[in-house]
């Protein structure tokens with residue numbers, strides 16, 4: 305994306321804002337520990353805009369730090385960004401601290417064409433937030449991908465993170481990285497985030513989203529669950545799908561998609577022994593999932609939430625719950641297909657650590673009658689062992 309971008313970051317004690325303009329000008333400001341991030345971020349952003357002779361309407365997009373870090377801090381930056389996004393009708397770009405740290409190192413150090421980063425942030429309680437990112441240059445472009453998606457691990461287990469999938473010959477370990485110490489500019493993390501978001505030579509794993517799709521990176525679920533999420537979990541129940549349930553399932557299926565599954569597709573899945581689960585809320589059917597085990601890989605065939613229950617975080621809850629069920633059955637990976645036009649689903653899967661591994665040409669119908677008009681499928685995969 306081109307144009308002026310505002311970066312907001314408040315995951316730690318030092319909150320920061322960054323204003324990045326089209327011509328390369330970058331201005332930053334910070335709020336020190338002990339000050340209220342909620343009362344500091346907006347005035348700092350307003351001051352940067354005024355110093356540059358710009359207004360809120362001058363912004364093309366918002367770059368938002370989504371963690372990991374302080375639960376309260378994460379919600380402050382995301383909440384402010386969502387309010388600005390809705391009021392200005394501007395998109396948001398979520399950036400993790402892992403991405404910012406790896407990009408800061410990549411931008412300020414000598415390196416080869418291929419580099420992997422094992423990044424650890426202190427999570428306290430004897431635990432660490434950890435992830436592995438890969439930067440691989442191909443000509444003028446550099447592909448950025450998750451090798452190990454963000455997670456919480458015991459601090460003693462950090463050195464073994466990703467063993468078996470990482471490449472130790474190109475691995476750099478960054479422990480509680482201070483990005484302001486990388487490079488002569490001494491940029492706060494929001495500065496690196498906006499540079500990362502607008503770098504035209506990067507093929508990043510994330511994308512621009514709307515306000516409703518912006519969410520903090522909650523990798524410590526037991527600590528980060530909101531009161532609403534805990535209430536939802538208590539009210540939700542998974543059940544086996546039976547043939548007698550298919551009429552109710554089809555009512556949701558036909559309301560959710562322009563090209564729904566047929567009742568025959570569900571019957572065939574039941575006959576084949578696939579895993580079919582219903583999700584009920586207070587005894588009312590609100591969603592379902594169909595997946596197929598193949599050796600130690602789970603192929604997600606259908607995950608659907610009733611349109612009236614979408615937009616409340618239940619889709620992410622369903623995916624996490626289903627992945628737990630897959631792990632319990634010994635699955636090591638999950639594979640799925642999604643329409644490129646389904647931007648909300650793509651954003652959700654990427655937030656959950658999925659990466660694109662291919663394209664299936666002409667996979668989805670775009671017309672009930674014209675078989676020549678079909679949409680490709682984005683094939684995505686995630687490791688379930690982490």
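In this note's numbering, the protein residues as written are 305 to 690.
Heads up, the beta-carbon is just placed ideally off N, CA and C, and yes, glycines get one too.
Within 8 Å, strictly: CB atoms of residue i and residue j
{"i": "residue 475", "j": "residue 332", "result": "no"}
{"i": "residue 395", "j": "residue 512", "result": "yes"}
{"i": "residue 637", "j": "residue 601", "result": "yes"}
{"i": "residue 640", "j": "residue 599", "result": "no"}
{"i": "residue 521", "j": "residue 552", "result": "no"}
{"i": "residue 309", "j": "residue 508", "result": "no"}
Integer Cβ distance of residue i from residue j, believed to fall under 8 Å
{"i": "residue 422", "j": "residue 466", "result": "7 Å"}
{"i": "residue 368", "j": "residue 347", "result": "In fact, because the Cβ distance is near 18 Å, the residues do not count as touching under 8 Å."}
{"i": "residue 451", "j": "residue 419", "result": "Their Cβ separation, rounded to whole angstroms, is 11 Å, which puts residue 451 and residue 419 out of contact at 8 Å."}
{"i": "residue 658", "j": "residue 627", "result": "10 Å between Cβ atoms; not a contact."}
C-alpha distance - residue i paired with residue j, whole-angstrom precision
{"i": "residue 686", "j": "residue 648", "result": "18 Å"}
{"i": "residue 482", "j": "residue 668", "result": "46 Å"}
{"i": "residue 317", "j": "residue 381", "result": "13 Å"}
{"i": "residue 326", "j": "residue 661", "result": "32 Å"}
{"i": "residue 529", "j": "residue 443", "result": "Unreliable placement is indicated for residue 529, whose pLDDT of 44 sits below 50; the coordinate value is still reported in the next sentence. Roughly 43 Å separates the two Cα atoms."}
{"i": "residue 610", "j": "residue 393", "result": "26 Å"}
{"i": "residue 414", "j": "residue 408", "result": "12 Å"}
{"i": "residue 547", "j": "residue 580", "result": "11 Å"}
{"i": "residue 464", "j": "residue 353", "result": "45 Å"}
{"i": "residue 688", "j": "residue 504", "result": "32 Å"}
{"i": "residue 328", "j": "residue 665", "result": "39 Å"}
{"i": "residue 618", "j": "residue 488", "result": "44 Å"}
{"i": "residue 591", "j": "residue 567", "result": "15 Å"}
{"i": "residue 480", "j": "residue 486", "result": "13 Å"}
{"i": "residue 679", "j": "residue 650", "result": "15 Å"}
{"i": "residue 458", "j": "residue 373", "result": "16 Å"}
{"i": "residue 400", "j": "residue 575", "result": "43 Å"}
Burial state of residue i, where buried means 16 or more other Cβ atoms lie within 10 Å
{"i": "residue 561", "result": "exposed"}
{"i": "residue 623", "result": "buried"}
{"i": "residue 632", "result": "exposed"}
{"i": "residue 314", "result": "buried"}
{"i": "residue 424", "result": "buried"}
{"i": "residue 563", "result": "exposed"}
{"i": "residue 344", "result": "buried"}
{"i": "residue 360", "result": "exposed"}
{"i": "residue 494", "result": "buried"}
{"i": "residue 434", "result": "buried"}
{"i": "residue 531", "result": "With a pLDDT of 41 at residue 531, under the threshold of 50, the modelled position of that residue is not reliable, and no figure is offered here."}
Reference residue i; option with closest CA among the options
{"i": "residue 516", "options": "615, 411, 631", "result": "615"}
{"i": "residue 363", "options": "374, 335, 323", "result": "323"}
{"i": "residue 585", "options": "600, 544, 539", "result": "539"}
{"i": "residue 656", "options": "576, 519, 558", "result": "519"}
{"i": "residue 461", "options": "426, 388, 365", "result": "426"}
{"i": "residue 390", "options": "435, 366, 679, 680", "result": "366"}
{"i": "residue 446", "options": "478, 387, 500, 388", "result": "500"}
{"i": "residue 594", "options": "573, 587, 612, 457", "result": "573"}
{"i": "residue 256", "options": "625, 583, 635", "result": "Lying before the first or after the last residue shown, residue 256 is absent from the chain, which here runs from 305 to 690."}
{"i": "residue 388", "options": "510, 549, 311", "result": "311"}
beta-carbon residue i near the ligand MN non-hydrogen atom, thresh 7 Å
{"i": "residue 360", "result": "The model depicted lacks the ligand MN and carries no ligand whatsoever."}
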